[in-house]
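Trainee: Take our numbering: the final residue in the sequence shown is number 1130, and no numbers are missing along the way.
Built from N, CA and C at the ideal position, the CB exists for glycine as well.
Small disclaimer: the values here were computed from a predicted structure and weren't measured.
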Amino acid sequence: MNKLTEQQKRAVQAVRKNVCVSAGAGTGKTRVLVERFLYLVQENLARPKEILAITFTEKAAQEMKERIAKGLRERNLEEARRELENAYIGTIHSFCARLLREHPIEAGVDPNFRVLKEEEAGLLKVLALDQLMEARFQEPAVFELLRAYSEKGIREAIEQLVNCAHAFGLEAASLILSVQQDDEKQSRINVSEALKPLKRLKGKEEDCAAIEEALEKEISNWEELETFKELKGRFKRSDSKPEIGIFKDVWDQWIASRADQLVQPVRTAFLNLVCDFESRYKGLKGERVSLDFNDLEYEALRLIEGDSLPSKACRELYRRNFKFVMVDEFQDTSPLQDRLIVHMSRPDNLFIVGDWRQSIYGFRGAEASLFLDKERLFLKGGKGERISLIDNFRSRGELLNPVNLFFKELWAGKEISFEPLQSALEFGKKDNPSVQFLTVNQAEEEGAQDGRMREAQVLAEEIKRLAHSGAYDYKDFAMLFRAGTDIFLYEYELRNLHIPYYVVSGRGFYHRPEIRDLISFFEVLENPYLDIPFAAVLRSPLVQISDDALFWLAEHSTRLEPKEPFYRAFLNSREIPEMNEEDRQKLDSFRTFFLELLGQKEKWSISECLEIVFERTQYDRYILGLPQGKRHFANLRKLEEIARELESRSPVHLGDFIRYIKGLETQEVRESEAQVEALEGNVVKLMTIHKAKGLEFKVVILPDLNRKGQNERARFLFDPEYGLGIRASNEASGESEDTLTFLRIKEKLIQRNHEESKRLLYVGMTRAEDHLILSGVSKSERNGTEEGGFDDGANWYEWIDQWSASNPGQFERRMIQSFPLKQGNPFSPLAEHKKIKTALEAGKPLEVKMPEEVGQIIESLKPIEPIQFDRIDLPVSAFAAFEHDPEEYRRTYELGILPQEGHPEAKPKDLGSEMLSATQTGGPAVLLGGRFAQHDKIEEWSESEDETELSAAEFGTVVHRIFEYLVSQPEKSGERLPYLLTRFSENLDQKTRDEIKKLSLQFLKSKQFVEIKQAKARHPEIPFVLRLHSGIIQGTLDLLYQTADGKWVIVDYKTSRIDDGGDLKIHAERYQGQLLLYALACYELLKISVSRASLYFVRADRSFD
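1) Just the Cα atoms here: how many angstroms apart are residue 385 and residue 58?
2) Buried or exposed: which applies to residue 89, given that a residue is buried once 16 or more other Cβ atoms fall within 10 Å of its Cβ?
3) Looking only at its own chain, which residues have a Cβ that is under 6 Å from the Cβ of residue 396, when we skip the five neighbours before and after it?
4) Spatial neighbours of residue 100 within its chain, please: C-beta separation below 8 Å, excluding the five flanking residues on both sides.
5) Compare the C-alpha of residue 217 against each of 441, 226, 236, 730 and name the closest.
6) By the three-class DSSP mapping on this structure, what secondary structure does residue 310 have?
7) Please report the Cβ distance between residue 527 and residue 723, rounded to the nearest whole angstrom; I am assuming they are in contact, meaning their Cβ atoms lie under 8 Å.
8) Looking at the structure shown, is residue 30 part of a helix, part of a strand, or coil, going by DSSP?
9) Going by Cα to Cα distance, which pick from 560, 1067, 95 is closest to residue 1115?
10) Kindly indicate which three-state DSSP category residue 706 falls into: helix, strand or coil?
11) Under the assumption that residue 728 contacts residue 515 (Cβ atoms under 8 Å), give the Cβ distance between them as a whole number of angstroms.
12) Can you check which of these residues, 1078, 655, 433, is closest to residue 783 by C-alpha distance?
13) Thinking just about the alpha-carbon of each residue, which of 113, 193, 340 is nearest to the one in residue 392?
14) Tell me which residue opens and which closes the alpha helix (DSSP H) that residue 778 is part of.
15) Can you find the residues in the same chain that come closer than 8 Å, C-beta to C-beta, to residue 251, ignoring five residues on each side of it along the sequence?
16) For residue 604, name the three-state secondary structure that DSSP assigns.
17) By a C-beta neighbour count over all protein chains shown, 10 Å radius and 16 as the cutoff for buried, is residue 91 buried or exposed?
18) Is the distance from the Cβ of residue 79 to the Cβ of residue 366 below 8 Å?
19) Tell me the rounded alpha-carbon separation between residue 780 and residue 398.
20) Out of 760, 208, 713, which one is the CA nearest neighbour of residue 786?
21) Ends of the beta strand (DSSP E) at residue 796?
22) Taking the beta strand (DSSP E) that residue 412 belongs to, which residues open and close that run?
23) Classify residue 5 as buried or exposed, calling it buried when 16 or more other Cβ atoms lie within 10 Å of its own Cβ.
24) Could you give the distance in angstroms between the alpha-carbon of residue 1132 and the alpha-carbon of residue 981?
25) At which residues does the alpha helix (DSSP H) containing residue 755 begin and terminate?
26) Taking the alpha-carbon positions, what's the residue 555 to residue 991 distance?
27) Going straight from the alpha carbon of residue 1043 to that of residue 1113, what length do you get?
28) Which stretch, first to last residue, makes up the alpha helix (DSSP H) that contains residue 1105?
29) At what residue ranges does the region 994-1034 contain a whole run of the alpha helix (DSSP H), taking only runs of 4 or more?
30) In whole angstroms, what is the alpha-carbon distance linking residue 241 and residue 276?
31) State the Cα-Cα distance for the pair residue 18 and residue 983, rounded to the nearest angstrom.
32) What is the C-beta distance between residue 394 and residue 420, in whole angstroms, given that I count them as a contact (C-beta under 8 Å)?
33) Compute the distance between the beta-carbons of residue 141 and residue 309, then report whether it is under 8 Å.
34) What separation, rounded to the nearest whole angstrom, lies between the Cα atoms of residue 274 and residue 238?
35) Would you please state the rounded distance, in angstroms, between the beta carbons of residue 791 and residue 51? I believe it to be under 8 Å.
36) On the DSSP bridge list, what partners appear for residue 43?
Have a look at this one:
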């Protein structure tokens, strides 16, 4: 107690009143909670079981128990220490579970229920949704809902609504039904008021009368709404007449309110699905006698909040038993959890600790306002106390002071004042500034990924420089990211400089090659007739046949029968004369094993199947021998653990397990790779800021400051105040239509996310003990000269740039004149590659410095003949990239760095995977010369990552998909286009949607499309594999069609931003080799002689043959 500060002592000893402790970052709140618990026990104010202590995580609860137990031993309070084992110390979920088990009859639950882990709950939700869709999709209302919003969109919306309702302790249906009934009426009144001054304008009498007449009419369909929307055009906005602008705004609101009425059938259909889902999910949990985390909270609240006699008795029992209630991290509680805590508390025994500035879990239902509300409530009438902890025991003063100043201005004007932290520790003298703001300059024409790569190079070198200086070890560094999307770029640069690192709780697990291999194996074990997974398994290290063998298997399958599955060729692989002996033996061995396991798969569990696979194929040993093999091997064991965990709860069918894993992959569940390095090891840590909450590091790096928060792209939004907001599908215009409820919720979410973005930055910056590095990218040297405020949509970089420029000397500002990706610096591998290339082209010797030992090894190898590579496997785009620029080829196809926006060869996906996926989905495919498909069904469009700006690759993907369906049935193109635009671009920003619509309409009017429409036959998106003497070429033809006179023509779409005619012609020449390969593929595989190959430049609306 003697080592506590005065404010900490006040917090520890405050009793017989409610207390709110505002504990800033690093102010020792955990110690306060432990010391308060010990104080209450030592002073005989309460026994351990009479104190309810709620923590945010199980780890925090365990740490608190251990520290309390140690303190009780030191105080010789042995009886209390023994009682501690049964004390109420834990998370809100563990307390709820205990509450329900102690009162199962009153709660109406089975006393032997078990708590589902998130993984198993996710599996049951997927199963419930599968059952729901299978049972209901044929109903007209549900079918229309799925058609308009896609099955994927409806599935996600159902889960989001249920989670949102539970966070507030509500039934999901109540959020849908709480639509504001008076919205349309009030909007109509607003329009009438705004119309009054317009009536006095000369020549507007007729227009005003038309508006008034429209206000009285009922709107029963979207066509009528479109007619009413056109009335706004009668009034042109004018700076000299602000009343016109006001009218247009309220008119838009009225239109949105009428749209709200038109989507009522959608609400009803959606509500029915939500209720049905909840019933099915509850039934599945009931079969397993289990509850999920949401159930624990909801059922516990229902138990103690009810008006029945059992509920009242239960509530009073706990209020009487708990003399003190302590809650940690209160800023991260949800409204439901707050209600639970209030019911457990007396009017004068609640002690909460938290910091509104560190509330960053809004996506889990946390409300930062709850903490501030409690502060005001406790102080009202002088019945409670607010205690501020501002003495920071983490960071040096030179770091804290500028951070305080920055956030004081960032939160200026808010209703609650910002309390600066002050350093309470003595640090040694430091020569260098404690806060650095690094700006990496990049060229205007380069995209975001190029900028991040440059930044990653700079930061990797900075880490290496600081570590080599002796000031820090690698274990002292932590790179904290706003999102984990592009962590791989920073990993690459750390590996490149041989810096040891570890990614904490990333998203990469389900995307790891070793995990994908095994999931593909399970898919073919479940259904051997799936071509894509089977090809993936055969090519993977599980079998490891050559590309030639894969080619001949595919070729043989088409010889047997045009639609013969790949599996049949595999069974008859010994009959393929072109197969070499090594591949034949591999296939024979695998076939024996696979057929044996296939016949006995029902006998084994999933985890046992994995063990059998490892034993028979030696796959795990192979993986262990790869670079970073320990990491890959640990991932295999983690997959086994996931399978065993699911199996321990209930029997899991192979198909369910596959759907579960693929569902988690699709939904991008944050499952990290297996941990193979202790966090205390000498490695640089990479993690998200959310994962770093509660941690501290000597050196914190906040990279990628330019990244913006995720845009709200959902078509269903939920809010307890406004209910369900829908971005409707306007059948008349073919475009999305925002309802008034949707707009209100969206505006609320934007503001909430904006404020949480500030808090997230605060959490990130206050993790640092000794040194803080802030890093971003700029395309100019403006140095904070742009005007703007902290309340606009700017990103972190712009906030820091603007503030540091206005407050010189607070942050050390450094402008890095880039590390040009094609010219580079001495530390860049790309630059070294360029240097070697230049030397070789000039016939000069390579100036490579190396240790003497390495030179001796090289000298000893000189007599050995150099290896001659006689084959190479490439997609067509890679061939074209290499032909044009070998450096660009290396970056894209060797390093895996996607081409940037504006680059002419920015492709949406790997063409090899595109070839395979088409055969699985029944999409447009010619696989090795055989199968055309029809386009009578429009496939579901899948959203990509959380970037706010659409890349060139993504833009090209959308345009290609729309064109694909337009050319397949050109006679229906006019009626199809609105639907296609909605399906494939509905979640994009308005500017991008408008551009795509413009280009699509332009394409329909083009000479190219006229000829396509007149064609005798049209085959869009044809994947192929072409075997050449030197290897395999794979690709996809955008369109192959036969003209009226019987000639065959290839068309390749290009969405590059090149408008000048002269430049366009030069640009077209680089694709000559690519088009020749397409023509060769048609000749070799389809026996078609191509008469003409055309490039259609979409933006320029020009074709080049």
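Mentor: According to the structure data:
1) 22 Å
2) buried
3) 355, 356, 379, 381
4) 63, 67
5) 236
6) helix
7) So it is not a contact: roughly 16 Å between Cβ atoms.
8) coil
9) 1067
10) coil
11) 6 Å
12) 433
13) 193
14) 765-790
15) 755, 757, 758
16) coil
17) exposed
18) yes
19) 17 Å
20) 713
21) 793-803
22) 409-414
23) No statement about residue 5 is possible, as the shown extent of the chain runs from 26 to 1130 and does not include it.
24) Nothing in the structure corresponds to residue 1132, since the chain is present only between 26 and 1130.
25) No alpha helix (DSSP H) holds residue 755; DSSP gives it neither H nor E.
26) 28 Å
27) 14 Å
28) 1097-1111
29) 998-1010, 1015-1029
30) 14 Å
31) As shown, the chain starts at 26 and ends at 1130. That puts residue 18 outside it, with no answer to give.
32) Not confirmed; about 28 Å, so no contact.
33) no
34) 19 Å
35) 7 Å
36) 409
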